[in-house]
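J.: Take this structure first; my questions come after.
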Amino acid sequence: MMLLFLFRYTYEVSPVFLLVEEAVIKKMIEFIGWEEGDGIFNPGGSVSNMYAMNLARYKFCPEIKEKGLSGLPRLVLFTSEECHYSMKKAASFLGIGTENVYFIKGSAPFLVCATAGTTVLGAFDPLDKIADICEKHGLWLHVDASWGGSALISRKHCRLLHGIHRADSVAWNPHKMLLAGIQCCALLVKDNSGLLKKCYSAKAAYLFQQDKFYDVSYDTGDKSIQCSRRPDAFKFWLMWKALGTTGLEERVNRALALARYLVEEIKKREGFQLLLEPEYANVCFWYIPPSLRKMEDGPEFWQKLHQVAPIIKERMMKKGSMMLGYQPHQGKVNFFRQVVISPHVSREDMDFLLDEIELLARDL
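Per this note's numbering, residue 205 is the first one in the sequence shown, and the count goes up by one each step.
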């Protein structure tokens with residue numbers, strides 16, 4: 205589709221796609237609960253998080269844009285324990301340093317990053333409580349809702365992000381739960397005074413002339429660290445036009461209903477054990493094979509169980525029946541993680557997943 209290879213940085217080069225991006229961002233801002241705001245589509249949630257971190261630092265200390273890091277106090281930021289690893293990458297890239305992604309006495313905090321939908325467990329931070337602290341101390345609140353943001357479209361599940369309207373910025377990836385074509389990721393900012401542009405503009409005279417015959421606010425290229433960008437918002441716009449808000453809501457509701465079905469089936473079956481009760485579409489569980497079921501709980505049991513998931517994964521891959529991820533996490537031994545997203549999967553597929561694990565591990 206050649207349309208997706210068009211450049212976007214000024215209105216005269218790409219008027220339709222700039223208007224599409226503006227319309228999509230405006231609608232996403234409404235779902236967050238802001239009366240107004242700004243935003244930009246980026247190549248990934250990691251980039252959106254980096255944008256937000258730099259924007260918060262610029263708001264805290266505007267002179268950094270021209271004078272750099274010299275003379276600044278040691279800046280630190282707070283984030284949730286299970287934040288996406290891109291937060292540390294961003295801190296490294298921006299010269300803040302990964303050691304400052306928490307609190308250090310005598311330093312100057314400028315940002316709190318909360319997570320709405322962690323990568324492994326699908327957990328949601330208590331946004332209202334975090335916002336209370338941020339407002340009290342004048343800290344920028346960024347919510348990484350790259351994974352969980354699409355729950356905002358569901359009237360049934362938007363409660364998971366209660367308080368997100370109090371954030372200063374939000375990262376939201378429609379290419380995740382909603383399955384818009386990769387990449388389709390937005391950074392949304394509550395500030396509507398042009399902070400994005402102030403932070404990132406370089407005022408290239410050959411592109412961003414201020415005496416053009418049209419409203420130059422449509423020239424969005426100067427509020428991006430990129431110049432040429434793909435029209436990623438068009439993917440989401442096209443999907444939205446095809447399915448409507450109701451169709452997108454049904455997609456979220458169906459995915460979470462299937463995740464709940466899988467959870468209930470796991471509870472019924474011998475040998476399956478949930479890691480925890482899920483909040484979202486991430487279903488994490490162990491399969492305990494017959495040889496371990498009568499073994500006492502202890503270091504030896506967990507050491508043996510740690511080896512089970514990799515063996516089952518190898519067998520399913522070599523058989524070609526399915527592909528299911530596993531990992532250890534925060535002291536927990538290897539467990540399976542099924543993330544339910546696709547609108548094409550069914551209850552029968554969930555049953556097959558559990559049946560196949562039992563079949564592949566019958567001799568373990």
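Beta carbons: idealized from backbone N, C-alpha and C, even for Gly.
So what does DSSP say about His548, is it helix, strand or coil?
T.: Coil.
J.: Looking at Leu391 and Trp344, is the spacing between their C-beta atoms short of 8 Å?
T.: Taking 8 Å as the Cβ cut-off, Trp344 and Leu391 do not qualify as a contacting pair.
J.: Can you list, in chain order, the residues of its chain with a C-beta nearer than 6 Å to that of Ser311? Leave out the 5 residues immediately preceding and following it.
T.: Excluding positions up to five away in sequence, the list reads Arg278, Val280.
J.: Hey, could you find the ends of the alpha helix (DSSP H) His510 is sitting in?
T.: Looking at the DSSP string, the run of the alpha helix (DSSP H) that includes His510 is 503 to 510.
J.: Could you check how far apart the C-beta atoms of Val224 and Pro503 are, in whole angstroms? I think they sit under 8 Å.
T.: That belief does not hold up - the Cβ atoms of Val224 and Pro503 are roughly 57 Å apart, past 8 Å.
J.: Compare the beta carbon distance of Leu276 and Leu400 with 8 Å and say whether it is the shorter of the two.
T.: Contact flag unset, no.
J.: Give the straight-line distance between the Cα atoms of Ser290 and Thr214, rounded to the nearest whole angstrom.
T.: If I take the Cα positions, the gap works out to 29 Å.
J.: Taking 8 Å as the cut-off, decide whether the C-beta atoms of Ile470 and Phe489 are in contact.
T.: Yes, the Cβ-Cβ distance between Ile470 and Phe489 is below 8 Å.
J.: Along the beta strand (DSSP E) that carries Cys488, what are the first and last residues, could you check?
T.: Note, Cys488: beta strand (DSSP E), 486 to 491.
J.: Assign Val487 to one of two classes, buried (16 or more other C-beta atoms within 10 Å of its C-beta) or exposed (fewer than that).
T.: With 16 or more Cβ atoms within 10 Å of its Cβ, Val487 is classed as buried.
J.: How long is the line joining the alpha carbons of Phe412 and Pro219, rounded to whole angstroms?
T.: Distance between the alpha carbons of Phe412 and Pro219: 15 Å.
J.: How long is the line joining the alpha carbons of Val305 and Ser397, rounded to whole angstroms?
T.: Cα to Cα, Val305 sits roughly 28 Å from Ser397.
J.: Secondary structure at Ser250, three-state DSSP: helix, strand or coil?
T.: The answer is helix: DSSP assigns Ser250 an H, G or I state.
J.: Roughly how many angstroms separate the alpha carbons of Gly272 and Gly326, rounded to a whole number?
T.: Cα to Cα, Gly272 sits roughly 37 Å from Gly326.
J.: Whether or not the segment 451 to 460 and the segment 506 to 514 are in contact is what I'm after, with contact meaning three or more pairs of Cβ atoms, one per stretch, closer than 8 Å; do they touch?
T.: Segments in contact, no.
J.: Quick one, which of Glu339, His533, Ala408, Tyr404 has its alpha-carbon nearest Ile429's?
T.: Among Glu339, His533, Ala408, Tyr404, the Cα nearest to that of Ile429 belongs to Tyr404.
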